[in-house]
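Those protein sequence lines, which keep their order, are chains A and B. When the letters of the first sequence are read in order and numbered with this note's numbering, they come out as residues 106 to 244. When the letters of the second sequence are read in order and numbered with this note's numbering, they come out as residues 12 to 198.
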Amino acid sequence: MARRLFSKSLYYSLHEATSYLDRLTILLCFMAIIGITATFMLQPHGNQAVVTLDNNLINTISLEKDAHYYVNGHLGPVRVEVKNQQIRIVEYDSPRMIGTRTGWVQHNGAITACLPCGVVIRVLGNQEDNSVNYDSIAR
Amino acid sequence: MSRIRQPRQVLWIAYLAAAATGTHMLETGLPGFGPWIKPGLANTFSLIALFRLGYAAAVVVTVVRILVSSLVLGTLFSPTFMMSFAGGSGALLMMALLLPLMDRSQFTMNGEVCSQALNKWLLGPVGVSLLASIAHIVMQLVVAWLLLIGHSGIFFALPWFLFGSWLTGIINGLLAYMILKNLPTGC
């Protein structure tokens, strides 16, 4: 049975296993996924960011002018940097440094966070109201 | 739709359900992927049941797989179970929609219709697997959004989930095709 499975070349077995409609489906699905990804990537840039510590609103930062802020989290201060309408957090002490590794975020609705520090930053657009909606787990 | 009439067909459903349950439980223990990301190899057996025995068999294999594996793993009626169930029902819904477009003639158990190659303008295992896996992940995300997370930010993960399900859908479809080709059909 193993010989029958692997005796043919991979290309030939792919060719045999799929009909025209299969290949068309694969192609169309790939294009649709690229399209959906593109619409997510081309989200309008936000112009303000909401900084929360332990789900408490600390500050609403404008992304229009470059600045530095410090937030005192559970693991010491966290630096929040704004530059070129982008925002990032830089942790000094965190187990996995996920917030620092997330890097710059700019799109409407994008999130960068250091959960061990308790600091969560969410980018908001102009037209959205400033209320932060928490999910059921956070509540 | 072909009916399940013979004891042999019922036995095949049992074999496939057992294989799917075992694969599901092994997959849950896979390291490195986390509870949200699985290759979905267990669904290969639903696909085999669909092509070999018909839609009713695919439903039975999927439902038995989800119920038994969650019973054994101790996650019955927990969020994990709800996610599995949502995904399984989404895939089954998509399979039902694709029934008129499917070419089962090479794979039916008793060789009701025999042919040497797939019909060019009908769907084989790969196409059905791809569309069903996308329906699976979309249904899971929608149910997670409605029942568990309740935050529309979950849809920011959609492109990654969709690309993953595209890839695993094709791979599982090819695996199902290879297994189906090597099972005796009576042709």
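The C-beta atom is built at its ideal place from N, Cα and C for all residues, glycine as well.
What is the rounded straight-line gap between the Cα of residue i and the Cα of residue j?
i	j	result
His-212(A)	Ser-140(B)	34 Å
Ile-166(A)	Ile-148(B)	36 Å
Thr-73(B)	Pro-136(B)	16 Å
Ile-216(A)	Asn-183(B)	34 Å
Gly-180(B)	Val-75(B)	21 Å
Pro-42(B)	Pro-50(B)	12 Å
Ser-84(A)	Gln-127(B)	There is simply no residue 84(A) to check, as chain A begins at 106 and stops at 244 in what is shown.
His-162(B)	Arg-115(B)	41 Å
Leu-168(A)	Ala-218(A)	17 Å
Leu-27(B)	Asn-152(A)	54 Å
Tyr-197(A)	Ile-203(A)	11 Å
Leu-132(A)	Met-150(B)	22 Å
Ser-241(A)	Leu-109(B)	In this prediction, Ser-241(A) scores a pLDDT of 44, lower than 50, which makes its location untrustworthy; the coordinate-derived value is nonetheless stated afterwards. Roughly 36 Å between the two C-alpha positions.
Val-70(B)	Gly-178(A)	51 Å
Leu-87(B)	Leu-173(B)	27 Å
Gly-99(B)	Gln-191(A)	40 Å
Can you find the residues in the same chain that come closer than 7 Å, C-beta to C-beta, to residue i, ignoring five residues on each side of it along the sequence?
i	result
Ala-146(B)	Gly-101, Ala-102, Leu-104, Met-105
Ser-80(B)	Thr-32, His-35, Met-36
Leu-84(B)	Met-36, Thr-39
Gly-181(A)	Tyr-197, Asp-198
Would residue i and residue j be called neighbours here (beta carbons separated by less than 9 Å)?
i	j	result
Leu-142(B)	Thr-130(A)	yes
Leu-112(B)	Leu-133(B)	yes
Glu-38(B)	Leu-58(B)	no
Gly-197(B)	Asn-121(B)	yes
Ala-155(B)	Ala-107(B)	no
Cys-222(A)	Val-176(A)	yes
Arg-193(A)	Thr-207(A)	yes
Ser-144(B)	Trp-177(B)	yes
Leu-229(A)	Ala-172(A)	no
Leu-194(B)	Phe-118(B)	yes
Using DSSP bridges, identify the partner residues of residue i.
i	result
Met-113(B)	Leu-134(B)
Lys-188(A)	Gln-191(A)
Leu-229(A)	Gln-153(A)
Glu-196(A)	Val-183(A)
His-173(A)	Glu-186(A)
Ser-95(B)	For Ser-95(B), which the question treats as bridged, DSSP gives no partner whatsoever.
Asn-161(A)	Leu-158(A)
Ile-166(A)	Ala-154(A)
Gly-178(A)	Gly-181(A)
For residue i, collect the residues of the same chain with a Cβ closer than 8 Å to its Cβ; drop the 5 residues on either side in sequence, then sort them by chain order.
i	result
Arg-15(B)	For the record, residue 15(B) in the displayed sequence is Ile; it is not Arg. The residues are Val-21, Ile-24, Leu-64, Gly-65, Ala-67, Ala-68.
Ile-190(B)	Thr-55, Ile-59
Tyr-188(B)	Gly-135, Pro-136, Val-137
Take residue i and list the residues in its own chain whose beta-carbon comes closer than 6 Å to its own, dropping the five residues that flank it on each side.
i	result
Val-195(A)	Arg-184, Thr-205
Asp-234(A)	The pLDDT assigned to Asp-234(A) is 45, lower than 50, so where the model puts this residue is not dependable; a value taken from the coordinates is nonetheless given after this. Cβ within range, chain order: n/a, list empty.
Whole alpha helix (DSSP H) elements within the region 126-181 of chain B, 4-residue minimum:
136-154
Scan the region 199-223 of chain A and note each continuous beta strand (DSSP E) run of 3 residues or more that stays entirely inside, going in chain order.
216-219
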